[in-house]
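Peer 1: Residue numbers (the UniProt record's numbering): 1 to 891.
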């Protein structure tokens, strides 16, 4: 159909490191031939004669003709209300049953006239007419009704998820023949909360591409640039995509738009400069200071090219874009904050809250951030302004699609209250944020959607727990923290009790419940002799992020994560990072905790069960060490057995211990590139006093492994694995033919009878999401533990094939007979590997070389290679070899 498509229906400004405020102002597209030709009157009811209406057929016919004649002579653009009155009265003279199409035609006309005056009546009229029109023989009328209903719903505020879905369904009936409707569908998918986030994103991009294709760049450069910039933003927001790579692609698209624009297209150039400013503000590649300087330059260029005489929206967006560059959390100086405040003050009167509530909420949010910086600098007079601006922002963010934005604003308020020592108020604010979390989770209809929402709210639960700890309400704090951790897996509403918690305390040991949501950090020790929260003045949120990323506020990775990502190219630096981090962890984290354990009745060699929080799961906490006055190292692992768990609920989900004869399934080297895995599995078979099935090479298919899950008590996987930092449920082990066995595909199989012990003799199977949002609640251990597995042996980084075989083989020997639980068996195996000499290894391999091939010949070859080392040499003493493996679970 010829004609001009509508301008994009989504108007949004990304205005904060944590907030993407958005507005959906659906502008009705220009629709050629939209008016439905009248073929009769309209019945406002069911076609029965109304009170006061003559029953004489001739009188009814004459009155209907009179009404329609007046309607035909009426200027409907000037007097739509009179037109509606005429149609309403005319409907009373038309029999819906006898003349359905005439009735539907006038019902459609009534709907078109009512769109601006009474949208609800318009939608009802379109729905009535839609029941009559045939999609084949009366297609234009049928399409017009779908379009009308969809557009009316799309511009409604607030729009519930169900209304979003209905709007999408109606518009998608028409968009194939009325492509301008893509401009309305794109923002609907942008804010769609039902369904899979990736599928919603893909539809959003497709409709943006469809809308952009309708615009001629040469004749309409401004509209073309706006459409292409919106597409660039959408492409960068692909769920689970690598943030840095996606941002670079977006930046390149904006640069192409800028290069193609004529100098006269001022508005489009300003819009593109603003987009480039945002890209450089978040850019990971290159020098961080240079990127921020470039972001500021683009923002200032945009503001300079957008004088006060320009449109209010563009001017306001330019003012706020520069303000957000100047607002650098933890780094803004007084001059930058003062300028940011002035920019907000100039932007505020430009924005009508009724027309652009999200944009005005951005102003209030920025003002809250400025106040927060002042509070952090010690100016407690900023607390009340923070509350006022925060509440103003919340009042403007009432739409359902602003649920996450409300949570962010509440988090800023809570941060300020916490810094001011107003813990009770902070806790109340965070409870409101968690109420939003409950609503968001209820709307999630897919695993991916549920994950996306949980990650955005998990830190609110941790911060609430921190506030409760500050108030001395330790039990409430532990419950609040654990609720947040278990949101993804939990299906019931029952909270655990103090008795449940006491049942998890190791004999002679303690539970250590970490909370690094704020500074200082805290660890609540729960032991048989009582409980106590230990505050860590030198180890809180900032220090943890510094160790993880190199800088708590940096956009680029550093620290542990950078060394981890570069471990193959810079192996020596990675091993040094493991070693040095162990020293820091002992001095700053463990030392103050160990000092308090005896007073709580913890034995000198008592087992410690560490419950992760805030991404502490990436570190080998058991490999902490200190040097004495003589320079000799002392390892934490020599003093205490260390066991890990993602949450208390994960531990309570464990199936009862099996006292009977167990069976095992062993998977060995399905990719044929870990030859020592066959030696490892041979040692495992020797150590197990249970029937064991071995799947090697091509036998180890995903189907075979999944089929065996319900029949075995031990599942041992000696193969490669990969943790997906961006999509944790797609983390996998690799099986025969390179097929992937993902966590997501395992979940249904684990719902029956999960194995009591899962041994993942593979690389990085204990890793949890840390690249952008540290989360200990996801990954192989959490998936199996919540399904009922009692213990999971997993690894934190890629491990040496030979060292792994030695360690895992020893683990099963220590485990044999059932005298030792898995955590104790692993501790003893790690101690053995750390101290074993070449001579001892050669003796072990002497017997292994008699194993059937390929295990026997490999053992013989390894034994020969060891002859080049001194007999007392300890080849696996460095923590890189032995510290990767951990036990998660109940024992």
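We put the CB at the ideal spot given by N, CA and C, even for glycine.
When the Cα atoms are used, what is the spatial distance from residue 460 to residue 239?
Peer 2: Distance between the alpha carbons of residue 460 and residue 239: 22 Å.
Peer 1: Could you round the C-beta distance between residue 536 and residue 521 to whole angstroms and report it? I think they count as a contact, below 8 Å.
Peer 2: Yes, residue 536 and residue 521 are in contact; Cβ-Cβ is about 4 Å, under 8 Å.
Peer 1: Quick one: what's got a C-beta closer than 7 Å to residue 267's C-beta in the same chain, skipping five residues either side?
Peer 2: Here the set comprises 222, 314.
Peer 1: Which one or two residues does DSSP pair with residue 272 in a beta bridge?
Peer 2: Answer is none; residue 272 lacks a bridge partner.
Peer 1: DSSP state of residue 370, grouped into three classes?
Peer 2: Reduced to three states, the DSSP call for residue 370 is helix.
Peer 1: Verify whether the separation of the beta carbon atoms of residue 647 and residue 702 is less than 8 Å.
Peer 2: It is not a contact, given that the beta carbons lie outside the stated cut-off.
Peer 1: Output the distance between the C-alpha atoms of residue 158 and residue 399, rounded to the nearest integer angstrom.
Peer 2: Their Cα atoms are separated by approximately 5 Å.
Peer 1: State the beta-bridge partners of residue 740 as determined by DSSP.
Peer 2: Residue 740 pairs with 734.
Peer 1: Check this for me: beta carbons of residue 152 and residue 115, under 8 Å apart or not?
Peer 2: Contact: yes.
Peer 1: Find the nearest neighbour of residue 144 within the set 170, 162, 155, judged by alpha-carbon distance.
Peer 2: Nearest of 170, 162, 155 to residue 144, Cα basis: 170.
Peer 1: Going by DSSP in three states, residue 758 sits in which element: helix, strand or coil?
Peer 2: Of the three classes helix, strand and coil, the one that applies to residue 758 here is strand, per DSSP.
Peer 1: Please state whether DSSP places residue 535 in a helix, a strand or coil.
Peer 2: In the structure shown, residue 535 sits in a strand (DSSP, three-state: E or B).
Peer 1: Is the beta carbon of residue 123 less than 8 Å from the beta carbon of residue 107?
Peer 2: For residue 123 and residue 107, no; Cβs fall outside 8 Å.
Peer 1: CB-CB under 7 Å to residue 881, same chain, minus the five flanking residues each way: which ones, in chain order?
Peer 2: The answer, listed in chain order, is 800, 803, 833.
Peer 1: Drop a sphere of 10 angstroms on the beta-carbon of residue 494, count the other beta-carbons inside from all chains shown, and report buried for 16 or more, exposed for fewer.
Peer 2: So residue 494 ends up on the exposed side.
Peer 1: For the beta strand (DSSP E) containing residue 247, list its first residue and its last residue.
Peer 2: First-last for residue 247: 243–260, but that is the alpha helix (DSSP H), not the beta strand (DSSP E).
Peer 1: Among residues of its own chain, excluding the 5 on either side of residue 443, which ones have a beta-carbon nearer than 7 Å to its beta-carbon?
Peer 2: Answer for residue 443: 161, 193, 194, listed in chain order.
Peer 1: By the 10 Å Cβ neighbour count, where 16 or more other Cβ atoms means buried, how is residue 355 classified, buried or exposed?
Peer 2: Residue 355 comes out exposed.
Peer 1: Count the other CB atoms within 10 Å of the CB of residue 466; is the residue buried (16 or more) or exposed (fewer)?
Peer 2: Flag for residue 466 reads buried.
Peer 1: Output the distance between the C-alpha atoms of residue 743 and residue 504, rounded to the nearest integer angstrom.
Peer 2: Distance between the alpha carbons of residue 743 and residue 504: 26 Å.
Peer 1: So, do the segment 273–286 and the segment 315–324 have three or more beta carbon pairs nearer to each other than 8 Å?
Peer 2: These segments touch.
Peer 1: Taking DSSP's pairing of strands, which residues face residue 899 in a bridge?
Peer 2: Because the chain in this structure spans residues 1 to 891, residue 899 falls outside the shown range and cannot be described.
Peer 1: Just curious, the beta strand (DSSP E) that residue 521 is in, first and last residue?
Peer 2: Here the beta strand (DSSP E) through residue 521 covers 521–527.
Peer 1: Leaving out the 5 sequence neighbours to the left and right, which residues in its chain are closer than 8 Å to residue 544 when beta-carbon positions are compared?
Peer 2: Same-chain partners within the cutoff: 516, 521, 614, 615, 616.
Peer 1: For residue 885, which of helix, strand or coil comes out of DSSP?
Peer 2: Strand, per DSSP.
Peer 1: Look at the Cβ atom of residue 378, then the Cβ atom of residue 413, and state whether they are nearer than 8 Å.
Peer 2: No, the pair does not count as a contact, with Cβ atoms beyond the cut-off.
Peer 1: What distance in whole Å lies between the Cβ atoms of residue 645 and residue 636, which are believed to be in contact at a cut-off of 8 Å?
Peer 2: Actually they do not touch by this definition, with Cβ atoms about 17 Å apart.
Peer 1: Taking C-alpha atoms, which residue in 306, 260, 326 lies nearest to residue 281?
Peer 2: If we check each option's Cα against that of residue 281, 326 comes out closest.
Peer 1: Taking contact to mean 3 or more Cβ pairs, one atom from each stretch, closer than 8 Å, check whether the segment 587–599 and the segment 835–850 are in contact.
Peer 2: These segments do not touch.
Peer 1: What does a CB cutoff of less than 6 Å around residue 884 pick up in its chain, not counting 5 residues either side in sequence?
Peer 2: Excluding sequence neighbours, residue 884 sits near 795, 796, 797, 799.
Peer 1: Which partner residues of residue 753 appear in the DSSP bridge assignment?
Peer 2: Answer is none; residue 753 lacks a bridge partner.
Peer 1: DSSP three-state call for residue 170: helix, strand or coil?
Peer 2: Residue 170: helix per DSSP, three-state reduction.
Peer 1: If we require 4 or more residues per run, which alpha helix (DSSP H) segments fall completely within the segment 637–725?
Peer 2: Counting whole runs of 4 or more residues, the segment 637–725 contains the alpha helix (DSSP H) stretches 648–652, 676–687, 702–708.
Peer 1: Using only the alpha-carbon positions, how far apart do residue 93 and residue 60 sit?
Peer 2: About 6 Å.
Peer 1: Just to confirm, are residue 523 and residue 514 a CB contact at a threshold of 8 Å?
Peer 2: Against a cut-off of 8 Å, the Cβ pair of residue 514 and residue 523 comes out as a contact.
Peer 1: If you follow the alpha helix (DSSP H) that residue 389 is in, where does it begin and where does it stop?
Peer 2: 383–396 is the extent of the alpha helix (DSSP H) around residue 389.
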